[in-house]
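Structure, as structure tokens:
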Amino acid sequence: MLEYVAIALMVVLSTVVALIAIGLGTIFGPKKHSEAKAMPYESGMNPYGEGTRRMPIRFYLVAVLFILFDNKQVLILTWAIVFHQLGLIG
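Here the sequence shown stands for residues 205 to 294, where the numbers follow our numbering.
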């Protein structure tokens, strides 16, 4: 039970620190709003079109494959460390 108190205290303290930082930024931050500041940044150029377009399916395929192989590399690395520690006996 004592371990959970430490974790709960850490969560509460980090939430309080984050809320204080957001509050200070809101209070002391700049308050001048203009139309130029509200525009999206497009490398110094005026944006054209809606700004939304469909992503090709190929992008999602690459992302999923990256996640799969990235997890595989983590498992292989931990297996290699344990295998090295066991030596010829393992």
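Think of the CB as a built atom: it goes at the ideal place given N, C-alpha and C, for glycine as much as any other residue.
Asked, Found
"Could you check where the alpha helix (DSSP H) with T230 kicks off and where it finishes?", "206-232"
"In whole angstroms, what separates the C-alpha of Y264 from that of M205?", "43 Å"
"Between V278 and Q289, what straight-line distance do the alpha-carbon atoms span, to the nearest angstrom?", "17 Å"
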